[in-house]
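All remarks here apply to the structure that follows.
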Amino acid sequence: MRILIAAIALGFAGASLAQTPAVPSNPTPKDIPGAMERPDPSLRYRILFDVSEPNADKTKPHQTLRRAAAMLNAMAANGVRPAAGDIAIVVHGAPDVNLLTDAAHQKRFGTPNPSRQLLEDLAKAGVSVRICGQSYLGHGYARDELHPAVQLDLMAMTTIANLMARGYGVVRDD
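If you're matching positions, the sequence shown starts at 6 in this note's numbering and goes up one per residue.
Structure, rendered in structure tokens:
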């Protein structure tokens with residue numbers, strides 16, 4: 006009887022774990038009963054979000070960061086937890102501003118970085134957030150202004166090419 010109770014308890018724990026959002030600061034997409042394509046726990050997902058478009062609403066986290074978080078939450082709701090580093094977000098160009106520390110964003114734009122909490126939650130979920138060093142430094146940002154959850158790479162083209170060669174599928178933000 007104890008074994009049966011333990012098995013039932015473990016079953017409930019597993020079910021609730023699958024429902025725990027990977028990125029708590031972002032909503033989980035609504036479930037669609039009967040949807041044909043869903044995250045598949047038997048697959049290994051290696052996804053690269055290529056981010057080059059400016060933020061549509063400067064008062065909210067960048068829309069592609071939110072899309073990546075929504076995908077991670079949909080995956081978690083379906084029992085899929087990608088390994089650390091298997092989801093990468095590569096930022097280049099105008100969205101650089103979304104990867105600044107709160108202090109740097111406040112100093113430059115008069116408000117805290119609206120993407121800060123989401124960046125931190127994505128990092129906790131194992132997402133690798135990278136920025137093109139050429140565009141970041143070219144926009145006049147200093148290294149110490151970069152949020153610590155973000156990796157500074159030489160250039161986005163190299164990062165994207167390397168990740169694609171390693172088997173990552175690309176999701177563009179346009």
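The C-beta atom is built at its ideal place from N, Cα and C for all residues, glycine as well.
Neighbourhood of residue i by C-beta distance below 8 Å, restricted to the same chain and skipping five residues each side
i      : result
Ala61  : Gln68
Asp126 : Val28, Pro29, Ser30, Asn31, Ala74
Ile165 : Leu53, Asp55, Val95, Val175
N-terminal and C-terminal residue of the beta strand (DSSP E) that residue i is part of
i      : result
Asp55  : 52–56
Asp184 : Lying outside 6 to 179, the shown extent of the chain, residue 184 is not represented and no answer is given.
Gly174 : 174–177
Residue environment, residue i, which counts as buried when at least 16 other CB atoms sit within 10 Å
i      : result
Arg71  : buried
Asn167 : exposed
Gly143 : exposed
Asp149 : exposed
Ser47  : exposed
Member of the options whose CA lies at the smallest distance from the CA of residue i
i      : options                    : result
Val132 : Leu77, Pro46, Arg49, Ile37 : Leu77
Other residues of its chain near residue i: CB distance less than 7 Å, five sequence neighbours each side excluded
i      : result
Ala79  : Thr33, Pro34, Pro44
Leu159 : Gly138
Pro26  : Thr33, Asn78, Ala81
Residue range of the alpha helix (DSSP H) that includes residue i
i      : result
Ser121 : Residue 121 is actually Arg in this sequence, not Ser. Its alpha helix (DSSP H) spans residues 121–129.
Exercise. Three or more beta-carbon pairs under 8 Å between the stretch 90–99 and the stretch 33–48, yes or no?
Worked result: no
Problem set entry | Contact between the stretch 92–106 and the stretch 44–54 (3+ Cβ pairs under 8 Å) | yes
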